[in-house]
Structures are given as C-alpha cells and as structure tokens.
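Chains as they are written, first to last, in our numbering: chain A, 1 to 362; chain B, 363 to 678; chain C, 679 to 999; chain D, 1000 to 1313.
Following: one structure in structure tokens, then a few remarks.
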Amino acid sequence: MNSDEMIKQDEKHLPDQIKKAMPILTIENLVVKFNLRGRSLSAIREASLSLYKGESLAIVGESGSGKSVFTKSLMGLLDANGWVDSGTIQYKTYDLAQFKKEKDWLKIRGKEIAMVFQDPMTSLNPLKTIGKQVREAVVKHQGLKGREATNAVYDILENVGIDAPRKRYNQYPFEFSGGMRQRVVIAIAVACKPEILICDEPTTALDVTIQAQIMELIGELQSKYGLTVIYITHDLGVVAHVADRVAVMYAGDIVEIGLSEEIFYDPRHPYTSALLASLPQLGIKGEPLYAIKGTPPNLFKKVEGDAFAFRNEKALKIDFVKRPPYFKISETHYAKTWLMDERAPKVDKPKIIELLNERSAK
Amino acid sequence: MKREKLLEVKDLTVAFGKRKNRFVAVDGVNFNIYKGETFGLVGESGSGKTTIGRAIMRINETDSGDIYFKGQKINGKIDKKLDREVIKNIQMIFQDPMASLNERAKVDYIVSEGLYNTKLYDDESDRKRKVEKALLSVGLLPEFASRFPHEFSGGQRQRIGIARTLVMKPELIIADEPISALDVSIRAQVINLMNDLKSTLGLTYLFIAHDLSVVRFISDRVAVIHKGQIVELAETEELYQNAVHPYTKGLLSAISMPDPKTEKNRQFEKYDKSMHHYEVEAPKWMEIRPEHWVLASDEEFERYKKALDGKVLNNR
Amino acid sequence: MTQRMKHIAEDIDDTLFTFAEYNQSASEEIGYSNYSYWQSTIQVFFKNKVAVFLLMVIVLLLAFTFIQPLLPNQKLPTKIYNDPVTNMQYRNVAPNSEFWFGTNSIGQDLWSRIWSGTRTSLIIGFMVGLFEVIVGIVIGAMWGYMRKLDRVITEIYNVWNNIPTTIVLILLTYIMRPGIFTLIFAMSITSWLSMTLLVRNLIVILRDREYNLASRCLGTPIRRIITKNLVPYLVSVIMLRMALAIPTAIGLEVFLTYIGLGLPVDIPSLGNLVNEGRLLMMSESLRYQLFFPAIVISLITIAFYVMGNAFADAADPRNHV
Amino acid sequence: MLKYILKRIFRSFITLFAVTTIVFMLMRLMPEEGYFGDSYDKLDEIQREAILEGMGLRDPMHIQLIHFYKGLIKGDLGTSITYRPKVPVTEILAKKIPYSLWLGLSSILIAIIFGLWMGISMAQHKDRLMDGVGTFYIVFIRAVPSAVYYLFLQLYLTSWLKLPILFDVDEKASFFLPLLSMSLVSLAGYAMWMRRYMVDELNKDYIRLAKAKGLRQKEIMFKHVMRNAFVPMAQYLPTSILFAISGSLYIESLYSIPGIGSLLVESIQRQDNPLVQALVLIYAAISIFGLLMGDVLMAFFDPRIKFETQGGGR
C-alpha cells in the first residue's frame, strides 16, 4: 500500500481546524525529471502532498531539495529541459500532470494558482510602469476595463500597503525599494484572484525588518481573500511565524510532514531534528553548534534508500538499502524514516531539541 | 586583564562620488577590536557595514578619520613596508563562495596566491606543505589541491576561501557575511570551523552580517549600524537583552525564532527615524553603561538611562 | 492496516535495523558534480553537427592550401603557360584535364593561383587577427582594469570610432603604396578598436567580481591579476575574433582590390582573382574565372564565420545544459 | 532629458572637430606627385615647388589648419584640384549629394522595416523553419564579402528581370537594383540583432512572472519582449549607418551612380585633397549624427536614462 493511501485513509481523524477544509490540491507520487549534460536526473522522487483550503503550508528545504521545482511543476513553469515524468496533480477537475499545451496551463495560471517570486529586483519588467503591470492581471482575470480597471489597481496597491497609489501608478520599478517592489509583485498575484498563492522564498532577498512586514502582509491578504498559501523557504524562523503545516523536503522527496507544533517540538526524521539543532538561534554560546556532516546531495547521484543516510551519523544499514515508507506518528504527522519502525533502536534527539521541547511545554 | 587593542577606528567617514551626487556610506564611526575577540558588526543592506570592512582592507579610500592597526595608522597614504605588513596581517573572507574563487585556477594556486605575493616560503616543497596544512586545517583533503573550484559544493568552496587567508598567518580576519550564501546545514560547519580556528590560532574576527541570530551566537561584542552610523555597541548579551536605541530594538523584534508558540504572537516594533529630533540637538556617541555605547542626544540619553536602571543581565 | 502486518509482509530481516558506521568522505563526495567548463564547451560544440562539419572543411582546406604546392605536377601560380605546339599563351582556356580551373586572360593556371591567393588571404587574415588579439588584450585589459586610464581612452575611442573605418583604410593603403604589409597594417589599424572595446567591456564586468577583490587583498600585482584572473576568461572571445578576422580580411581585400588599392597584380590574391573575374563576367564562356574564386571565398568565409559563432555559443556557460 | 541631449550634441561637435583635424593631417601625408596628375613629369622641380607653395601646402601645419577652418565657417571648402580643376567643392557636391542621400536613407528605411519584422518572427518561431531560413540568409550575407555577391546580384538580376545594368537617372527601372543590393545587406544586420536581443529578453526573470500572470506567449512576445528589445536596438542604428556608408562606396561605383560614394573613391585615386577632405567631413558628420540619434532613441525608449542627468554611458 503506497504512502498516499495511508494519508487518505486516515483523513477522518484530522484535527477540526483542518477537517472542515477539503483538499483542493492532491499530489500523488509526483516524479519530475531533467536532462542535464546528456543524463536524465529526477529532481522530484515520488513526492505526495495534500493541500487543504485556507491553510498555510510551508515547504522547507535546502538547495537541491527540489522545493522550487515542486511548485513550478504546479504551474507549468519548469525549465525547457524539465518535464513531469509520472504521478498525478489533482486540482478541481484537472490533472495538471497531464497538461502539455499552453492552452491547458492558461486555464489555471493566475486565475487558480498565482505565484510570488524570490528576487523583487528582477521580477518586474524594468521598462513598464507599475500600474500597467498590475493592470494586465486585473484586465486578464477580473475582466475589468478602462476607468474601472484603473480604480481596481489603485485599491489593490493600497491593500498591499503602497502609499499614494495614484502617483505610484505611473512610476517605474527602479524608483521603488526592494520591499516596495515585492509588494507590487504580491499585488499582481492577488489581482489574479487566485485560489492558491505560491510564494517561492518571498522574503529571502529582503532585509529582516522588511521581511517581517511582507510576512504580515501575506497573512492579512490570506485571510482577506481566503487564499490557500504555499510558502517555500529555507528559513525555519519564517516557517514558525507563518505556517499552519510544514513539509520538510530533502533530495526531491517530502521526508516529513505535520502541523508546525509537531514538526518543531517533536521532529522525527533525523534530517528535520538535525536541521533544527544546527540553528544558531538555539545554539549555546561557547559550545560548538550541532553541525550536519557532509554536503547536500546534488542531483547527479542516483539515490538508494534514504537520501539522508550518507550524512546521518546514526543511519541504519537499511537506510542504504531500502527506501523508508511513511510512518504515521499522529493523524497529521508522518515521517519517512526507518527509525519509526518499532524494530529500529531508540535514538535520542540532539540535546537542543529537548530544550526547545521543554520550553514549549511550559 | 588588560586587553591588547588590535584595531582602532576613529571618526571614520567614507563617501563615494563628488559634489552633486556624493553619497556618504560611512559617517563618523568609532569602535575598537581587541586581540582574540569576535567583533560583530550587524546592519541591513546599504548600512555601510561592508564599506567599513573594505576601508580597513584599504580597498575603499577613506574620506576622513583614522584606522590604527596595532597603533600604526593604516588608512590613507602609507609606505610600502607597512602596506606589506597590512596585507600579511589583515585578511578577508567573502560572502559568495561561488564568486570569490577564480574558476580558471587550481585550488593549489588559489590557496597559495598570498605566498607568491609575499614570498613567505623557502621553496616549492615548502609552499606545497603550507598549502596542504592550510587545507587540512579547514577540514579538506590535501588531494583537493589539484582540482578546480567548480568541482566543489558551496560549503567546501567557502572553506577553501578560509584556507587562502590562513596560509598568510594573519592576526585579524574581516569576515564579510561569510555564511549568508550557504545552505542552513553547512552554516553550522563553517561557524564551528571559524570558532575552532580562533581558539587554536588566536585569530581575531570582524564578523560582518545582517543575520542577528548568527551574530549573537558567534560574537563577543556587537555593534549595530544604520545608514552609515553605529547606533549602539555593547557586549553581546547586554545588547540583545538591554538594547536602548529604538533602531536596535526594532531589529531585535524582527528576529524570527524557530518556535511556533512564541512566533505566532510576536509583536514587531517598526523603527521610525523621525522620532529623533537631531536637527535640534546633534547625537553624541556616549557610554551609558561600562562598555555599552549608544548614539543619542542628551535628552534621549537620560530617557535610556532611566529605562536601563531596573535591568540586570541573565545569562541564557 | 497496523504496523505489525505491514512489515511482516515486506520480509525485511531484523539485522538491517542496526547502526551503519559513518563514512566522512562519502558524505563529502555526494556534493561532487563533475562539471568542467572546457569539457562541456567541447560537448556542446560537437552537438552542433553543422559546425563540426565546417570545422572539418576548414581543417582540410587549411591543410590542402599549404600542401598544394608540394603535390605532384602542380603548376606555378605566376608562370604564363604557352601551348608547346603554337607557342601561343593558353589564354582563357576553359577548365580541362590539364588546367583544372582553366586559365586566365594571360595564360596563368587558375587552379594554382586560387590556392596561392587563398594562402595570401589566410595569412593576412591570421596576422590581422593576431594583431587584433594582442593589442586588444593589452590595451583592453588596461583600459578596463585601471579606472584612471578609463576616462582618457574612452575619449580616444569616441573620436576614433567616428572616423568611418573604410575611409581610413582607403587613405592608409593609398599613402603607403599597396602591398601585403600595407594591407595587414591598414586592416589592423582599423579593426583593433572593436576588439579592444570588447575586451574592455568584459574586464569591467570581471574587475569587480569578488575573486578579483580577493586577489587584490592578497596583494597580487596587476600584471598577475590580468594573466591569471582575467585572460583565461577571454579565451572564448579571442577564439571568436580570430575566426571572424579571416572572413573580414578577405572581404576588405576584395573591396580594396575593386577600388584599385588592393595587392599588386603580380601577387595572386582572392581579391585580384575576383576582380579579374568581374571584368570578364559579362561573357558567358569566361564566367568560370569569377565562379571559382567566388565559390572558394564563400566556402572559407562561411566556414570560419559559422564555426566561430558556434564555438562562442558553446563557450557560453548558460548553454551548458 | 533635454539637458542630456544638449550635453550629447556638445560632445558630438568636439568629436567632429577632432575627427576632421586628424583626417586633415592624415591627408597631408599623401604622396605629393598625385597633386599634379598626369602633368607631373612635364614640370620641373622648381615649378612643382611653386605650385605646392601656391596651394599653401608648404605652410606649417597649424597655419593650414586655421586657414581650412576659416574657410569652413564661411562655407568655402576650397576648390577641386584634379577632379574638376578650379571648381568649388561645394558646387560639385551639391549635384551629387541627393543621389547618395536617396540611396542611403531609402535602403536604411527598408532595412529597418523588413529587418525588424524578420528578426521578430525569427525570435517568435525560434528553432523552427522560419528561424533556420533567416539564420542561413544572415550568415550568408554577413560572412561572404559583399563585394562578391553584389557582382552576382548585378549579373543575374539584370538578365532575369531584364533590368538595365547601370544607373540612369531618368530611367526609373534602374533605381531598383542598387536599392535592393544595399537594403539586402543592412536588412541582415537588423534581423540578426533584433533576434538576439529578443532572445536575451526571453531569458529574463520578469518573463516568468508574466507567464505566471497567465499571459499568452503572443502577448508576452509583443507587449514585453519586443518593446524592451528596442532599447539595445537603438544602439545598432549608428552601426548600420556606418555599414551603409561603406556599402554605398561600392554600390555607387558598381552601378556608376553619380553619388558622393563613387566620388570619394575617384577623388582619392585622383588625390584631390580638398574634395576628399570635404567628403570625409560629411561622412564623419553623418556617423556622429548617427551616434547621437542612437543615444536619443535609447533615452526615449529607456526611462532609466531620462533620470540619470549626468548623461549616458557613452
């Protein structure tokens, strides 16, 4: 029985906050492949995920984990040398995995799923005014024209916290700061009236004070427009602030998924707890930080068993042989690690995770 | 114990461009760095923190003010011998491992480039031995010397960058955001490496960064810089727990901790520059508590002092 | 389905559930990607079938051009051949078994003239290309690297760039009496500028990269920064310019010959040959004297142009996908 | 914006002055026997010296320069020596300039219209048939020396289309061939650069956002990519003018069009210094004007330049 049946079968025990919502997007055993320098590599290895209406799901992972590729495959924005090899992406009545032609993708791009990108400096057309670039989305997806469309743009600019929208309408991107430009990019995404908003590391390129403002803005817009948000980031601090649920990705697969309290206070996959333990915020002065050995795998390596095995000092022999299935820890908490198998020896988590655990129990 | 002052910066000002489009990047900055400590310099992008690092390295010319290294003035015109001295004793680690190594040269040349310049080696075999020693001290295998940079991951390349500075046996290393371009799991490796090197080789760091939590973990003393001016400077825990300047408090409130319970209801203080009335009374660089300096007008200084009286330090 | 049933069904033996010992270098190795710049460049280049074919054509052509005189029973390019019987010059003989490309209006063998003409043109093109590259790198690197020099040379460039090069070329060849050296000198003087600007723009981009900053912090002298840090990045640009120098040189030589400033008639060159062909082109039967030089010129110029551009594309890391 | 243009115009004049002076001095290096044309051997040493003296060629260089510029301001470009002795240069040029102007401007206009259209469609149907055909055409035109295929154009088109070989001002049919040859060459340049700049724009990040916005590929191509590709294209205009100038020299003499192109070739061969001097001045002025036009167009297309008051990055 593969992993997703296990998730579906246990849905009836979900906590009430998630239970009310229906999964508006279900991804099952998605495999995305690239050909790079003559060889085909799999960036996503049978990842499965269900997204519930109105929730805020964070996807955490390092470079090479495939988190960006995962969301790009939802919108058909994969690079020329990449393609969805197998698996299904069920969204309303469509299976996005089968979409090939631009005509299909236009049914969902913007209208259903909109996206905010990482680098505000290059996401906007430098030679077009801000107003025109937002207006394009308003005209396309809200069917407004002329004066009405312009007013709609003013409203949206105001909603994303841009002052004096009338004056700003005719200004160009280079006259805006990084934070303001990111607000425009968010305005464009929201103007498409999407169901799902994918934010691909929206705050990574910004300073910490502006980062906090943008996170707050996305939270407000989520409740105001009833959006379901997928938040991609490698910053666990940001995840703790914004996410209801967290999916941890490593080498193209979702190795652990659960409510944010479960992931932070009771991480089960060795990678998740190692990632938490190595954060300087939790480090004790004078003592060395808990550091994960080795380097994140690049896509050239064909992965046998658990991809994290090579870097895990407490890896089991089986980790190098067989790929771990999902183990259920609670109704909403699953992890792909043989440690959860009752035959596996007990492994205590890094000391720092215990500390974090006690502090949260208070 | 009397700490030896390694570096002293007095009223340093650095500006770019002339007349009409003159941009002052660093505006009258004062701080000292003592031997064997890690001095954190934290600020947002465009605050001038990198410019200060480059001014010390003599890459950027200084407009006014002085930089003393072991008592000798090293900014502005200096003689050849002193210049050699500065090159050998002050080294720099760069932010982006992908851009700070010469892709078309072997690791062997990259690491020993400094040796070639300063002739600090007897013969070829001595140079080879020095390169291998440097690679081993940063946790890389000696046979990597014959490879090219593009064959390594981000973390490994950053360690090569560190090896390149160690081969010169420097006393002060200016680390300009050394880990912000690295993956999370690699950061801890480089931080631990830098701390080990500090204890084994007695190095001193000027650690420039925008990530406050990293600075808190690694620094002994921290200075917060905003728009070219250092607004507050203190021993690390004193600053993080008893910050007085509104900008520092704004920055600290923006740090997101990996702890959902506290994160969900964290209030974020927005810093508003207009709260100061510096047009009425210029701010001065004053010591509000031993080793705790702040940039404030007299009126503000009194207000901060009252707020500080009740606070005591609890070591986390 | 409970835990217990699940793992029995998968018949995994329990011994696998013991710790494996940790292997440090394996964890470093997984980050290793065997990308190498030159290997990928060559791979991408050889994927372009047309370019590879033309590369072969060029190699064959170059080899043949320079070994042609050594081949058996080859005629001399400048010797006038007479019919042994009538002792008359073999004027305008159409291509036949003896004169493979026929003869020209004064009885010289066109086949050997074309190949010796090609030799001359290739040498001119190569010398101009070489001059362009050497001057381009030396002045371009200094112009790009040293900020104080930048102001001065940019002004010089603005002035020099505005004199239409064709006119300078004409003036120079006129002043200096046509000859191979004059041609090389005139063409070099007018063409070094665009290469130098290309190098300067590249260096300005590379100059502020962090690895150059690092070299400066280590006290590396400018001389070594240029040779070790900058020039290796210019190789693909140099190869492209060298490849394009030859078609440009041939084109200019044909043009100069047309307006009477090309090489003297006694030196066989592609320009002279085309010119001679042009004078007779109106008469149908003598048109071969225009076709053969034209075809050889087109072959050489297209081959070098396409191969040069294909190499430049292959050398662009963005295409190493 | 205006300040930027005025500054650029001022710099253009300085460059023009420098260019003219350099060419003036370059001309003085010409071998002197050319001044006498075929009467060289008839005169003896003293007579020749007297004639050169009369032409002011023996004065020190700066005197000659001042004399030249005084004349220039009054619009007197001196008189032709060997081409049409004693005839003021301005008179000779007045008759010839219209022909070159017509040939140059119309060929550039045609090249811009068809070249941009070809470049755009090649970028749109990238790596498909249209792109392949276009690339073959561009490679052929830019690789093979124009001096070679102009011959074949003249040879075959005259016979196929029954067009007259040489240019005749009152026979309209003879206009077609030279114009076609000129436009075919500069057209390839525009097509190539337009395609290259559009392909560059296609790889930029903001295209990804435009796609994510749900815009169709056609909308992205015209509203974003093409519009932005015009900025670098404006810089190609001056180069194409320079290209057209050198092209006109050849075509005008090939089809014997009485324009200033063929005149320049002849006057150099005849070593008629004042005439060459004037022609070089005209050509330099055209190319400097072209550069200025390129800058103005770029500032017009790219709002960022308008705000940089201290001038473009020339």
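Don't be surprised by glycine CBs; every beta carbon is placed ideally from N, CA and C.
{"Item": "Gly-516 of chain B versus B:Ile-395, B:Leu-463, B:Asp-538, residue with shortest Cα-Cα distance", "Value": "B:Leu-463"}
{"Item": "Glu-46 of chain A beta carbon less than 7 Å from that of Asn-35 of chain A", "Value": "no"}
{"Item": "Residue-level contact to chain G via CB, Tyr-1098 of chain D, 7 Å cutoff", "Value": "Of the protein chains in the structure, A, B, C and D, none is chain G."}
{"Item": "Interface flag, His-13 of chain A vs chain C, CB-CB below 7 Å", "Value": "Any reading at His-13 of chain A must be qualified, since the residue scores a pLDDT of 49, below 50, and its modelled position is unreliable; no value is offered."}
{"Item": "From A:Ile-232, A:Leu-51, A:Ser-63, A:Ile-214, residue whose alpha carbon lies closest to that of Ala-251 of chain A", "Value": "A:Ser-63"}
{"Item": "Interface flag, Gln-133 of chain A vs chain B, CB-CB below 7 Å", "Value": "no"}
{"Item": "Three CB pairs or more closer than 8 Å across the region 1177–1189 of chain D and the region 68–88 of chain A", "Value": "no"}
{"Item": "Contact set for Val-68 of chain A: own chain, Cβ-Cβ below 7 Å, skip 5 residues either direction", "Value": "Inspection of the sequence shows that residue 68 of chain A is occupied by Ser rather than by Val. The residues are Asp-200, Ile-232."}
{"Item": "CB contact check: Ile-867 of chain C to chain D, cutoff 7 Å", "Value": "no"}
{"Item": "Pairwise C-alpha distance: Asn-159 of chain A and Ile-186 of chain A", "Value": "10 Å"}
{"Item": "Beta-carbon proximity list for Asp-1075 of chain D, same chain, < 8 Å, skipping 5 on both sides", "Value": "Pro-1087, Thr-1089"}
{"Item": "As assigned by DSSP and simplified to three states, the class of Tyr-889 of chain C", "Value": "helix"}
{"Item": "Selection from A:Ile-329, A:Glu-220, A:Trp-338, A:Tyr-334 that minimises the alpha carbon distance to Asn-312 of chain A", "Value": "A:Trp-338"}
{"Item": "Three-pair Cβ contact test at 8 Å for the region 863–874 of chain C versus the region 800–807 of chain C", "Value": "yes"}
{"Item": "Residues bridged to Tyr-1098 of chain D [DSSP beta-bridge criterion]", "Value": "Answer is none; Tyr-1098 of chain D lacks a bridge partner."}
{"Item": "Under 7 Å (Cβ pairs) to chain C, residues found in the region 414–426 of chain B", "Value": "Met-419, Ile-421"}
{"Item": "Nearest candidate by alpha-carbon position, reference Val-586 of chain B, set B:Phe-579, B:Ile-580, B:Val-576, B:Leu-601", "Value": "B:Leu-601"}
{"Item": "The region 391–407 of chain B contacting the region 364–375 of chain B, beta-carbon criterion three pairs below 8 Å", "Value": "yes"}
{"Item": "Between the CA atoms of Asn-81 of chain A and Leu-41 of chain A - distance to the nearest angstrom", "Value": "11 Å"}
{"Item": "Chain-ordered chain C contacts of Ser-487 of chain B [CB-CB under 7 Å]", "Value": "Ordered by position in chain C, no residue passes the 7 Å Cβ test against Ser-487 of chain B, which lies about 21 Å from the chain."}
{"Item": "Beta-carbon contacts of Gly-61 of chain A that lie in its chain and below 6 Å, excluding the five residues immediately before and after", "Value": "Lys-67, Met-249"}
{"Item": "Contact under 7 Å by Cβ, Val-246 of chain A with Val-239 of chain A", "Value": "yes"}
{"Item": "Under 8 Å from the C-beta of Pro-345 of chain A: neighbouring residues of chain C", "Value": "Phe-695, Thr-696, Phe-697"}
{"Item": "Per DSSP, the bridge partner or partners of Met-648 of chain B", "Value": "B:Val-656"}
{"Item": "For Gly-612 of chain B and Glu-287 of chain A, the rounded distance between their alpha carbons", "Value": "28 Å"}
{"Item": "Gln-702 of chain C burial status per 10 Å Cβ neighbour count (16 or more: buried)", "Value": "exposed"}
{"Item": "is_contact[Tyr-1282 of chain D, chain C] using C-beta, thresh 7 Å", "Value": "yes"}
{"Item": "Range of the contiguous alpha helix (DSSP H) that encloses Leu-498 of chain B", "Value": "486–499"}
{"Item": "Gly-1310 of chain D in three-state terms, based on DSSP", "Value": "At Gly-1310 of chain D the pLDDT is 32, less than 50, meaning the model places this residue with poor confidence; the figure from the coordinates comes in the next sentence. Correct three-state label for Gly-1310 of chain D: coil."}
{"Item": "Contained alpha helix (DSSP H) runs [length at least 4] in the region 1183–1228 of chain D, N- to C-terminal order", "Value": "1204–1211"}
{"Item": "Inter-residue Cα distance where the pair is Ile-1240 of chain D and Ala-496 of chain B", "Value": "59 Å"}
{"Item": "Counterpart residues of Leu-403 of chain B in DSSP-defined beta bridges", "Value": "B:Ile-570, B:Ala-585"}
{"Item": "Ala-1298 of chain D versus Ile-1304 of chain D - alpha carbon distance", "Value": "5 Å"}
{"Item": "Within chain A, the residues that Gly-517 of chain B reaches when beta carbons sit closer than 8 Å", "Value": "Thr-295"}
{"Item": "Proximal residues of chain C, C-beta to C-beta of Ser-466 of chain B below 7 Å", "Value": "First, the amino acid is wrong: residue 466 of chain B is Arg here, not Ser. The contacting residues are Pro-910, Tyr-911."}
{"Item": "Terminal residues of the beta strand (DSSP E) in which Asp-445 of chain B lies", "Value": "From DSSP, Asp-445 of chain B is part of no beta strand (DSSP E) but of the alpha helix (DSSP H) over 442–451."}
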